[in-house]
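A.B. asks:
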Amino acid sequence: MLFDRLIGKASPTAALRRGLGLLEKEQFTEALPLLAQAAQAGLPEAAYQIGRLYLQGSGVPYSPAEAVRWLEQAALHGSAEAQCLLAALLVQGLASAPETSAGEGAARLFSAIATNVASSAAPDFEAAHKWARMAAHAGSAEGLALLGYVLTYGPEHLRNPDEARDCYQRSASGGCAQGHLGYALALAGDARLSERKAEIAEHIRAAAATGIPSALYMFGVLAEQGTGIEKDPANAAEHFRKAAELGHRAAQMKWGAALIEGRTVTPDPVLGESWLRRAALAGDARAAEMIGHLYTKGGAMPPNYAEAANWYRRAAEAGSATAARSLSSFYMTGAGVPIDAEEAARWLHAAADAGDGSAQIALAQQLLAGLAMPGGRPPVTDWFRKTAAGGDLAAAFNLGVCLLQGVGAERDEQQAAIWLRRAAEGLPEAQYMLGRLLSEGRGVQADLKAAREWFALAAEAGNADGQAALAEMLVNGRGGQTDVAKAIKLCEQAAEKGHSGAMFALGAIHSGGHGAAIDRARAAHWFRAAAELGHGHAQLMLGRYLRAGAAEPRNVREARHWFESAVAQGILEAESELAELSAATSRMAV
194 MLFDRLIGKA SPTAALRRGL GLLEKEQFTE ALPLLAQAAQ AGLPEAAYQI GRLYLQGSGV
254 PYSPAEAVRW LEQAALHGSA EAQCLLAALL VQGLASAPET SAGEGAARLF SAIATNVASS
314 AAPDFEAAHK WARMAAHAGS AEGLALLGYV LTYGPEHLRN PDEARDCYQR SASGGCAQGH
374 LGYALALAGD ARLSERKAEI AEHIRAAAAT GIPSALYMFG VLAEQGTGIE KDPANAAEHF
434 RKAAELGHRA AQMKWGAALI EGRTVTPDPV LGESWLRRAA LAGDARAAEM IGHLYTKGGA
494 MPPNYAEAAN WYRRAAEAGS ATAARSLSSF YMTGAGVPID AEEAARWLHA AADAGDGSAQ
554 IALAQQLLAG LAMPGGRPPV TDWFRKTAAG GDLAAAFNLG VCLLQGVGAE RDEQQAAIWL
614 RRAAEGLPEA QYMLGRLLSE GRGVQADLKA AREWFALAAE AGNADGQAAL AEMLVNGRGG
674 QTDVAKAIKL CEQAAEKGHS GAMFALGAIH SGGHGAAIDR ARAAHWFRAA AELGHGHAQL
734 MLGRYLRAGA AEPRNVREAR HWFESAVAQG ILEAESELAE LSAATSRMAV
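Residue numbering for the sequence shown follows the working numbering, beginning at 194 and increasing consecutively.
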């Protein structure tokens with residue numbers, strides 16, 4: 194306006210008005226002198242706008258320090274907007290980072306307020322508390338949300354969950370998106386109020402409607418699970434897509450997975466892999482792990498073990514136990530990487546340290562087998578003890594076995610019996626092991642009757658070792674009455690599962706002397722079945738049958754083979770049998 198141009202030098206208000214008009218036209222350089230004139234005259238709006246220009250690097254060099262100086266001037270003169278922006282900068286340590294995961298959603302409530310700021314300074318909650326409270330007292334809905342944040346996540350002496358929740362609620366009532374999200378998180382984090390799922394969902398919905406990435410992601414999770422709202426996988430995927438496009442790392446992983454699976458959206462494995470790649474490169478371990486799976490299993494994406502190994506390594510280095518275990522198997526088999534036993538052991542150890550139960554069991558099994566571990570013996574008993582103390586029966590069983598064998602700790606049969614007794618409440622393997630301890634008197638008072646009962650429980654659950662052990666007690670009458678017919682049935686059940694001991698027992702029972710009719714053909718059948726599975730005593734008996742022609746034509750050559758196999762198994766009787774066979778063969782040759 195002509196009037197503004199005529200009196201602009203003398204009128205800070207007019208300078209401000211002209212400066213704001215130029216800002217709307219994005220004429221930042223021309224606007225700056227007018228805003229500076231108005232700010233120097235004490236107009237807080239002008240100082241606030243200059244602070245924003247320095248944050249954006251528009252018309253002036255980017256400078257957080259200069260931005261803070263101008264914002265403080267505006268804030269001190271009562272600008273609630275400046276107070277809010279200043280508080281937001283301070284709670285972020287004068288820095289803004291892209292959205293990452295649902296767990297970080299609360300910490301990024303105000304990232305949209307302070308964009309393009311790059312600093313690694315620590316948050317200043319004290320100063321943020323001062324400015325946020327000033328803005329809140331001025332009636333700013335955004336200030337109330339910021340104050341709620343400081344009262345929730347600030348240092349202990351500033352925290353006040355009840356006041357924070359009240360601030361968030363008042364902010365949400367004022368239409369502030371951050372207030373809606375903060376109030377939802379406050380409700381969800383309070384055990385007394387977390388059941389108000391529908392209310393929580395509505396506040397997250399309101400925040401998501403404004404495009405806050407973390408809110409979009411959270412609402413997607415609610416829709417995916419049907420928590421507080423109707424379950425709607427397609428709606429969940431759409432929210433994941435929107436959040437992913439705004440840079441939310443966990444949403445990128447979810448959206449990539451949705452495109453690959455193709456259950457709720459049109460499948461597009463290539464595009465899905467690219468979204469997973471974005472999330473993985475941003476540090477999402479789960480996304481990197483999923484890419485590794487894609488290139489391992491093949492299907493829509495061709496198998497590429499070298500590529501899979503690279504992504505598994507990235508995920509493992511970010512803390513993924515599953516990826517570390519997969520990488521270990523790659524080094525063990527040479528899939529995509531050179532075979533390297535030390536690297537395989539290192540990554541298996543890392544997976545176990547990170548809590549992967551399968552890796553912990555694999556390491557324990559290797560130790561039980563007597564394999565040396567590079568870097569020292571891993572604390573397998575500590576792993577299992579921690580999980581077992583929480584009621585995990587499998588961990589209790591593994592702990593019991595380790596204590597029984599002295600793996601990862603001193604051998605302690607009494608403690609082993611205690612943990613195996615706990616595991617026996619639900620695991621057939623533990624029931625069998627406890628039965629053995631009771632039958633042998635190891636770690637507990639010997640009790641054959643109780644041993645038989647535990648073997649029976651394991652056998653009823655289909656445990657082959659339990660079936661074979663109970664059969665032995667039924668044949669020999671240990672811990673109760675004999676029942677050879679039932680013993681045969683149990684051995685046959687175990688034999689069907691490949692139990693070589695049960696096969697040998699059937700051969701022995703049908704050989705006679707155990708209360709069953711002699712059936713040498715059947716005995717030879719079971720001795721052969723067990724011998725072929727490496728059972729030493731079965732190899733000895735089969736050799737005797739073949740040497741004597743007891744159940745089939747005499748075959749000295751094959752008898753020799755089985756005697757030699759039994760000798761290799763450490764069966765002393767087989768040595769004399771082999772010597773006699775050799776001597777007899779020599780006499781015949783003479």
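The C-beta atom is built at its ideal place from N, Cα and C for all residues, glycine as well.
With DSSP run on the structure shown, which of helix, strand or coil describes Ala639?
C.D. replies: Along the sequence shown, read from residue 1 onward, the residue named residue 639 stands at position 446. Of the three classes helix, strand and coil, the one that applies to Ala639 here is coil, per DSSP.
A.B. asks: In terms of alpha-carbon separation, which member of Glu773, Glu633 and Leu586 lies closest to Trp612?
C.D. replies: Your numbering for residue 612 matches position 419 in the sequence shown. The candidate whose alpha carbon is nearest that of Trp612 is Leu586.
A.B. asks: Taking the alpha carbon of Ala709 as the point to measure from, which residue in Gly700, Leu683, Arg715 and Val677 has its own alpha carbon closest?
C.D. replies: Reading the sequence shown from its first residue, position 516 is the one you call residue 709. For Ala709, the nearest C-alpha among the options comes from Val677.
A.B. asks: Which same chain residues end up closer than 7 angstroms to Gly730 when comparing Cβ atoms and leaving out the 5 residues on each side of it in sequence?
C.D. replies: Taking the sequence shown and counting its residues from 1, one reaches residue 730 at position 537. Per the sequence shown, residue 730 should be read as His rather than Gly. So the qualifying residues of the chain are Phe697 and Ile764.
A.B. asks: Ordered along the chain, which non-local residues of its own chain (more than five positions away) have a Cβ less than 7 angstroms from that of Cys595?
C.D. replies: By one-based count along the sequence shown, residue 595 stands at place 402. Here the set comprises Ala557, Val573, Thr574, Phe577, Gly601 and Ala602.
A.B. asks: Helix, strand or coil, according to DSSP, for Thr222 in the structure here?
C.D. replies: The residue labelled residue 222 in the question sits at position 29 within the sequence shown. In this structure, Thr222 counts as helix in the three-state DSSP scheme.
A.B. asks: Mind reading off the beta-carbon distance from Gly700 to Phe720? Whole number of angstroms is fine, and I expect it under 8 angstroms.
C.D. replies: Taking the first residue of the sequence shown as 1, we reach residue 700 at position 507. Taking the first residue of the sequence shown as 1, we reach residue 720 at position 527. The pair is a contact, with the Cβ atoms about 4 angstroms apart (cut-off 8 angstroms).
A.B. asks: Rounded to the nearest angstrom, what separates Glu466 and Leu452 at their Cα positions?
C.D. replies: In the sequence shown, counting from the first residue as 1, residue 466 sits at position 273. In the sequence shown, counting from the first residue as 1, residue 452 sits at position 259. Approximately 8 angstroms between the Cα atoms of the pair.
A.B. asks: Whole angstroms is fine: what's the gap from Gly250's alpha carbon to Thr345's?
C.D. replies: One-based indexing of the sequence shown puts residue 250 at position 57. One-based indexing of the sequence shown puts residue 345 at position 152. The straight-line gap from Cα to Cα measures roughly 32 angstroms.
A.B. asks: For Leu541, which of Gly449, Thr457 and Ala509 has the nearest alpha-carbon?
C.D. replies: Reading the sequence shown from its first residue, position 348 is the one you call residue 541. Selected option, being the one with the closest Cα: Ala509.
A.B. asks: Which of helix, strand or coil does DSSP assign to Ala281?
C.D. replies: Within the sequence shown, the letter at position 88 stands for residue 281. Here Ala281 sits in helix by DSSP.
A.B. asks: Can you have a look at Gly212 and say buried or exposed, based on whether 16 or more other CB atoms are within 10 angstroms of its CB?
C.D. replies: Counting from 1 along the sequence shown, the entry for residue 212 is found at position 19. That one is buried.
A.B. asks: Out of curiosity, what's the CA-to-CA distance linking Gly655 and Ala365?
C.D. replies: Position 462 of the sequence shown, counted from the first residue, corresponds to residue 655. Position 172 of the sequence shown, counted from the first residue, corresponds to residue 365. The alpha-carbon atoms of Gly655 and Ala365 are separated by roughly 59 angstroms.
A.B. asks: Whether or not the region 388-400 and the region 346-360 are in contact is what I'm after, with contact meaning three or more pairs of Cβ atoms, one per stretch, closer than 8 angstroms; do they touch?
C.D. replies: no
A.B. asks: Answer yes if the region 252-261 comes into contact with the region 233-241, meaning at least three C-beta pairs across the two stretches below 8 angstroms, and no otherwise.
C.D. replies: no
A.B. asks: When you compare only the Cα positions, how much space is there between Ala680 and Asp605?
C.D. replies: As a working mapping, residue 680 is identified with position 487 in the sequence shown. As a working mapping, residue 605 is identified with position 412 in the sequence shown. Rounded to whole angstroms, Ala680 to Asp605 spans 33 angstroms at the Cα level.
A.B. asks: Would you tell me roughly how many angstroms separate the C-alpha atoms of Asn497 and Asn503, rounded to the nearest one?
C.D. replies: Residue 497 sits at position 304 when you count from the first residue of the sequence shown. Residue 503 sits at position 310 when you count from the first residue of the sequence shown. So the two alpha carbons sit approximately 10 angstroms from each other.
A.B. asks: Classify Arg479 as buried or exposed, calling it buried when 16 or more other Cβ atoms lie within 10 Å of its own Cβ.
C.D. replies: Indexing the sequence shown from 1 puts residue 479 at position 286. When all chains shown are included, Arg479 counts as buried.
A.B. asks: When burial is assigned at 16 or more other CB atoms within 10 Å of the CB, is Ala776 buried or exposed?
C.D. replies: On the sequence shown, position 583 is the one that residue 776 refers to. Ala776 comes out exposed.
A.B. asks: Please identify the residue among Asp317, Ala320, Gln362 and Glu319 whose C-alpha is closest to the C-alpha of Glu335.
C.D. replies: Position 142 of the sequence shown holds residue 335. Cα-wise, what sits closest to Glu335 is Gln362.
A.B. asks: Under three-state DSSP, which class holds Asp605?
C.D. replies: Here residue 605 corresponds to residue number 412 of the sequence shown, with the count starting at 1. Of the three classes helix, strand and coil, the one that applies to Asp605 here is coil, per DSSP.
A.B. asks: Excluding five sequence neighbours on each side, which residues of the same chain lie with their C-beta closer than 6 angstroms to the C-beta of Cys684?
C.D. replies: Mapped onto the sequence shown, residue 684 falls at position 491. The residues are Ala664, Ala695, Ala698 and Leu699.
A.B. asks: In whole angstroms, what separates the C-alpha of Arg398 from that of Gln233?
C.D. replies: The residue labelled residue 398 in the question sits at position 205 within the sequence shown. The residue labelled residue 233 in the question sits at position 40 within the sequence shown. Their backbone Cα atoms lie some 43 angstroms apart in a straight line.
A.B. asks: If Arg507 and Ala481 are in contact, beta carbons under 8 angstroms, what's the gap, nearest whole angstrom?
C.D. replies: Here residue 507 is taken as the residue at index 314 of the sequence shown, counted from 1. Here residue 481 is taken as the residue at index 288 of the sequence shown, counted from 1. With 8 angstroms as the limit, Arg507 and Ala481 qualify as a contact, their Cβ atoms being about 4 angstroms apart.
A.B. asks: What ranges does the alpha helix (DSSP H) occupy inside the region 688-727, keeping only unbroken runs of at least 4 residues that lie completely in it?
C.D. replies: Here the runs fully enclosed are 693-703 and 713-725.
A.B. asks: Count the other CB atoms within 10 Å of the CB of Thr222; is the residue buried (16 or more) or exposed (fewer)?
C.D. replies: Position 29 of the sequence shown, counting from 1, holds the residue named residue 222. Thr222 comes out exposed.
A.B. asks: Take Glu689 as the anchor and find which of His707, Gly705, Asp658 and Gly706 has the nearest alpha-carbon.
C.D. replies: By 1-based counting over the sequence shown, the position of residue 689 is 496. Residue nearest to Glu689 within the set His707, Gly705, Asp658 and Gly706 is Asp658 (criterion: CA-CA distance).
A.B. asks: If you run the structure through DSSP and keep just helix, strand and coil, what is Ala752?
C.D. replies: Stepping through the sequence shown from its first residue, residue 752 is reached at position 559. DSSP places Ala752 in helix when its eight states are reduced to three.
A.B. asks: Helix, strand or coil for Gln674? Go by DSSP, reduced to three states.
C.D. replies: In the sequence shown, the residue the question calls residue 674 occupies position 481. The answer is coil: DSSP assigns Gln674 none of H, G, I, E or B.
A.B. asks: For Ile532, does the three-state DSSP call read helix, strand or coil?
C.D. replies: If you number the sequence shown from 1, residue 532 lands on position 339. When secondary structure is reduced to three states using DSSP, Ile532 falls in the coil class, being assigned neither helix nor strand.
A.B. asks: Using a Cβ-Cβ cut-off of 7 angstroms (strictly less than) and excluding sequence neighbours within five positions of Lys447, which residues of its own chain qualify?
C.D. replies: Position 254 of the sequence shown holds residue 447. Hits under 7 angstroms: Gly413 and Phe433.
A.B. asks: Please identify the residue among Thr526, Glu500, Ala545 and Ala582 whose C-alpha is closest to the C-alpha of Ala517.
C.D. replies: Mapped onto the sequence shown, residue 517 falls at position 324. The shortest C-alpha separation from Ala517 is found at Ala545.
A.B. asks: Is it buried or exposed for His373, if we count other Cβ within 10 angstroms and need 16 for buried?
C.D. replies: Position 180 of the sequence shown, counted from the first residue, corresponds to residue 373. Burial check for His373: the Cβ neighbour count within 10 Å reaches 16 or more, so the residue is buried.
A.B. asks: Is the Cβ-Cβ distance between Pro254 and Gln230 less than 8 angstroms?
C.D. replies: On the sequence shown, position 61 is the one that residue 254 refers to. On the sequence shown, position 37 is the one that residue 230 refers to. Against a cut-off of 8 angstroms, the Cβ pair of Gln230 and Pro254 comes out as no contact.
A.B. asks: Do you know how far the Cα of Ala379 is from the Cα of Val637?
C.D. replies: Sequence index remark: in the sequence shown, residue 637 carries index 444 (1-based). Sequence index remark: in the sequence shown, residue 379 carries index 186 (1-based). Distance between the alpha carbons of Val637 and Ala379: 53 angstroms.
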